[in-house]
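Presented below is the structure to which this report refers.
Residue numbers (our numbering), protein chains in the order written: chain A, 1 to 503; chain B, 504 to 1006.
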C-alpha cells in the first residue's frame, strides 16, 4: 500500500517536473532567443504552464498520498530517499495549499505593478512613488506569512521559501558576529597603504576572444558543453532544463575582462550543481538543490575561491596574456592578481567585490528583519538605509537610486531572499576549507590546470545528496561543524591582508 | 446555449494551442540549441506534451460541444469563422477519436524503429532489410485508413491528413496531364543546345557573408526579425511558436551560394504565411494554415518564382557581386541567372531543380497510389521505381539508395505527404499568375527591390483566410478557376525555353 502510494506520488511529481522543466525552457528562450513580438504569447504559455503545475501539485490526491506515505514504513528511516521526498513534498504541499488563491493572485498582481513602478522610481530617484507599492507588498507578504504560519517571527516564513529550515534567529547568530569583524576589515582596507591598478583589466578585451577564453575556462572547471550551453543575455543566469541539459548565460563588456569571465564561472558553478544532482531522483526533492544559499555556495566557490585565486591564475595567466596580448602583454602577474581582487566600498551591490558584497547583504537582512518585526517603518526606509550604510561602509549614498531603490527584489516581493547570498559565501568558505583539508594539494592542482578533484569532492559531498539534508544539517554533515562566520572571515583575511598590506 | 458552447470549445482549443505551441518550442530547441545529452529528457517532455494535447483535444466534452454547436445557428453561414471552426474541429476530432489507441501506438512504434532501420538501409543500399518494416508500415497505415473511413480508396484517408479534401482522384486529374507535358519538357531540356556554367555559383562563398546576404534578402521580402529568427540546423525547417514568433533555419555550404540562400527564402515563405494568419483566431482552425500544399505554395513562390526570377536579381545581383566580390566580381548577370536556374535530371529529390522536382513527386504519387490499391506489391518497389524513373527522367538509378530508399517519408509512415510538394508548386503558379494580373508592374517592383505588394496580396487573398476554405476551393475563390497544371507548365516554359534555347 505504501509502495503503491509512493509510486503514484512519484508519477504525479514526474508530471510536475516535466511541466516545470518545460516552463524553464520557455523562460530560458524568452531571455535568450525570443523575437520581441513573441512576448505576449510567451506570457500566455508561461501562465498556462504555471497554472497546470500548480493544479497538479496541489491536487487533493497529493495530500492523500502524502498522508498514506507518512503513516507507512516509508518514513521510518528519515534519511532514506523516499522519506526525504515525503518530508519535502509535505513541506511545500502545505505551503502551497495553505495560501488562499486570492492572496496568491494579489501578490502576483502586486509583483507585476510593483516592478514596473520600481523601474521608473529607480530611474527618477523617486522613493515616494514607489512607497505605496512597497507598503502594499509588505502587507501582502505579512498575510502570506500568517497563512503559512511560523514558530517565531513572520519573517521566518518568508526566509523558508528560499532557505528551508533557516530562521531570522539562526541567521542572526552567524551574521551579527560576522558584521562586526567585516566592518572593521572593510575599514582597514579602505585605509590600506596599497591599492591595485584596476586600469589593467579595463583595457580593450575583444568580445570574440573573451568568449573563447570564457568557454575554455568553463570547460576546464568541468562545465560540460555536451550538457549545456553558454549564451549571451542582458541579466546573466543559469537555467536547468532537465537531466543532461543546464544552460548558462553571460554578458560581455569589451572594456572589462572580469565581468563576463567571473560571471561565467559563477553561473558554471550553479550549473555544475544542477548537473551533479542525482539524476535517478529527477523530479523529486532528492533530485533537487537544497536551497538558494547552498546553490550560491557553489557559484561563489568557483567564481571567487577558485576563479579569483592565485593558483588558478598561475595556470591561466599565461594563456590570458597570449589571448589578450595587446591588453595584458606588458602586465605583471602580481599586478593582474591584485587588480582582479580590487576591494572598494561602493554603493551598488551587484558591482561589489568579494569582501564588501557581504556587508551589502547584512544591511538588507537587518532591514528586512526590522520591517517584519515592526521596528522599521517602510516610510523610514531611505533614512534607515543611509544611516546603516554610512556606518558599515564609511560612505553615504547620494540618492535612493544608489541606496534603497537599487534592487528589484522588494518590488518583486522577494523578502527573505537576500540573506541567501551571504549564506552562500559563508557555506562556500566552510565547504572550501574542508575540501582543502581533504585534498591537501588542491592549490598545486589548480596551478596545474586541474579542477576535477574539487568537482568530485563537491559532487560526492554536496551535489549527490539532493535535499537529503536542509542546509544547516548539510553543513554539519559535510564539515563536522555548524555554520560559522570564521571560515569566511579567515579566508578573506588570509587572502586580502597581504594584498593590501594590512594587519 | 450555442454561444456558451463555442466559448467553452474555444477555451479548450486555447489550452490545446498553448500546449501545442510549447511543444513546438521544445522541438525547435531540440534541433537548434539543445546540448546532446539533453535528448532523453527532451523526448520525455515532448511525449508528455503530446499526450496532454491528445487528452485535451479528444475529451468527450469536445465531442458534446461540437454536437451542440452543429445543432445551433452557429453553423448556419458555412463560411463564418465559428462555422469554419466547428467544421474543421469536427473533421480532426472524428479522425483522432476514430483511430484506436492501440493502433496509434503501433504506428508510433513502427515509425521509430522504421526510421532507424531506414537510416542503415539507405547507407548500405539494402532494401531487403528495410522491406519488412515497409510492409508493416503499409499494413498499419491501411488499418489507419480503414479506421478513419473513406469514400473512394484507402489512400484518400491518408492524403486527407495533409491535404484536407483532396483525393487520389482529384490529384490524378491534375497530375496525369501535367506528367505528360513535363516528361517531354524535361527531355527537351536534356537535349538542349545551351547549358549553364554552374561552377560560378560553386566558388568560395564565406559563411559569414552568406549569413549577412541571406538575412538581408529575408528582411527585404518581408520576414520580420522582430517576429522571428534565422538559425543554423542540419535539416532546415520553419517552426511557428505562436503569434509574433515564427522561426526559420538554414544550413550554409561555403562552396555553394544557392543552397542557404534559396533555402532561406523557402523557409521565409513558410514563415510569412504563418505570421500572416489571422491572430485573432489563433488556436482555432480559422487561425491555421489550410494544408501542406498551400503552405508549400508560399515557400515555393518566394523561393522560385521570386528568388530565381530575373527581376529579383536585377536588384540583388549588384549587391551579391559586392558582397562576394572574389567569387562573383567577374561574373556576368546573364551567366549568373542561368547558373541559378540549372535544370538537370538527377536521382535525388531534395537536390532537384524547379522543373524536374515535380517529376520526382509525380512518380512517388503514382507508386503510393499503386501500393494502396494493391497494384504495386511492396517487394516490387525497387523494380517499379527504376522502371518509372527511367521512363520519366531518361536516366536509371544505380542503387536503391539513389532510388526508392532515398526519402525518410515512408519509413516515418508519411504516405500521402509527397503529393503536397507538387501541389504546392501548382498552387503557387496559379496564385502567382493571378497576382501578376492583379499587380501589373510586379516585375518592375521586384527589380526595384520592392516585395510588399506581393506579400500584401498573399496576406489578403490567402493568409488572412485561415482554414475558411479547403485548398481546392481556396484556389477557385482566389484565381476564379479550379486547379490546373497549365499555369505551372506555362510558367516553366516561359522561363526555361529561352534560357535553354528550346522550343
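Ideal Cβ placement from N, Cα and C applies to all residues, glycine included.
Starting from residue i, trace the alpha helix (DSSP H) in both directions and tell me its first and last residue.
i, result
"residue 31 (chain A)", "2-32"
"residue 456 (chain A)", "452-461"
"residue 63 (chain A)", "60-70"
"residue 54 (chain A)", "39-57"
"residue 797 (chain B)", "795-803"
"residue 584 (chain A)", "The structure shown does not extend to residue 584 (chain A), since chain A spans only 1 to 503, so no value can be given for it."
"residue 976 (chain B)", "974-982"
"residue 789 (chain B)", "Residue 789 (chain B) -> no alpha helix (DSSP H), and no H or E assigned at all."
"residue 482 (chain A)", "Per DSSP, residue 482 (chain A) belongs to no alpha helix (DSSP H) and is neither H nor E."
"residue 822 (chain B)", "813-826"
Against chain A, does residue i count as a neighbour if the rule is that its beta carbon must be under 8 Å from one of theirs?
i, result
"residue 551 (chain B)", "yes"
"residue 525 (chain B)", "yes"
"residue 518 (chain B)", "yes"
"residue 748 (chain B)", "yes"
"residue 543 (chain B)", "yes"
"residue 910 (chain B)", "no"
"residue 597 (chain B)", "no"
"residue 532 (chain B)", "yes"
Using a Cβ-Cβ distance under 8 Å, would residue i count as near chain B?
i, result
"residue 241 (chain A)", "yes"
"residue 428 (chain A)", "no"
Applying a beta-carbon distance threshold of less than 9 Å, which residues of chain A neighbour residue i?
i, result
"residue 732 (chain B)", "33, 34, 35"
Nearest by alpha-carbon distance to residue i: which of the options is it?
i, options, result
"residue 477 (chain A)", "A:291, A:122, A:434, A:85", "A:434"
"residue 1002 (chain B)", "B:525, B:733, B:691", "B:691"
"residue 457 (chain A)", "A:272, A:380, A:279, A:487", "A:272"
"residue 813 (chain B)", "B:830, B:831, B:837, B:790", "B:837"
"residue 127 (chain A)", "A:259, A:485, A:421, A:404", "A:404"
"residue 266 (chain A)", "A:354, A:324, A:345", "A:354"
"residue 176 (chain A)", "A:268, A:148, A:364, A:36", "A:364"
"residue 495 (chain B)", "B:581, B:544, B:815, B:911", "Residue 495 (chain B) lies beyond the stretch modelled for chain B, which goes from 504 to 1006, so this question has no answer here."
"residue 604 (chain B)", "B:646, B:564, B:587", "B:646"
"residue 89 (chain A)", "A:181, A:58, A:394, A:107", "A:58"
"residue 286 (chain A)", "A:168, A:467, A:319, A:12", "A:467"
"residue 250 (chain A)", "A:167, A:20, A:32, A:429", "A:32"
"residue 147 (chain A)", "A:388, A:99, A:426", "A:99"
"residue 618 (chain B)", "B:558, B:699, B:633", "B:633"
"residue 884 (chain B)", "B:843, B:549, B:635, B:956", "B:635"
"residue 564 (chain B)", "B:513, B:879, B:724, B:530", "B:513"
"residue 449 (chain A)", "A:30, A:216, A:194, A:38", "A:216"
"residue 223 (chain A)", "A:502, A:174, A:276", "A:276"
"residue 158 (chain A)", "A:454, A:418, A:495, A:426", "A:418"
"residue 729 (chain B)", "B:829, B:714, B:736, B:746", "B:746"
"residue 463 (chain B)", "B:606, B:639, B:527, B:570", "Residue numbering for chain B in the displayed model covers 504 to 1006; residue 463 (chain B) lies beyond these limits and cannot be assessed."
Could you spell out the range, first to last residue, of the beta strand (DSSP E) harbouring residue i?
i, result
"residue 247 (chain A)", "245-250"
Using a cut-off of 8 Å between C-beta atoms, extract the partners of residue i located in chain B.
i, result
"residue 26 (chain A)", "525, 528"
So which residues on chain B does residue i lean against when the C-beta distance must stay under 7 Å?
i, result
"residue 44 (chain A)", "521"
"residue 226 (chain A)", "538, 539, 540"
"residue 443 (chain A)", "Those do not exist, as residue 443 (chain A) stays about 32 Å from chain B at its closest Cβ, beyond 7 Å."
Residues of chain A with CB under 8 Å from residue i, in chain order?
i, result
"residue 1011 (chain B)", "Beyond the ends of chain B as shown, which are 504 and 1006, falls residue 1011 (chain B); an answer cannot be given."
(message) In chain order, what are the residue ranges of uninterrupted beta strand (DSSP E) at least 3 long that sit wholly in the region 688-764 of chain B?
(response) Listed in chain order, they are 733-735, 741-745, 748-753.
(request) Please specify which runs of the alpha helix (DSSP H), each continuous and at least 4 residues long, are wholly inside the region 83-170 of chain A, giving them in chain order. (result) 101-124, 127-148, 154-159
(message) My parser needs the alpha helix (DSSP H) runs of 4 or more residues fully inside the region 348-435 of chain A; what are they?
(response) 356-373, 381-393
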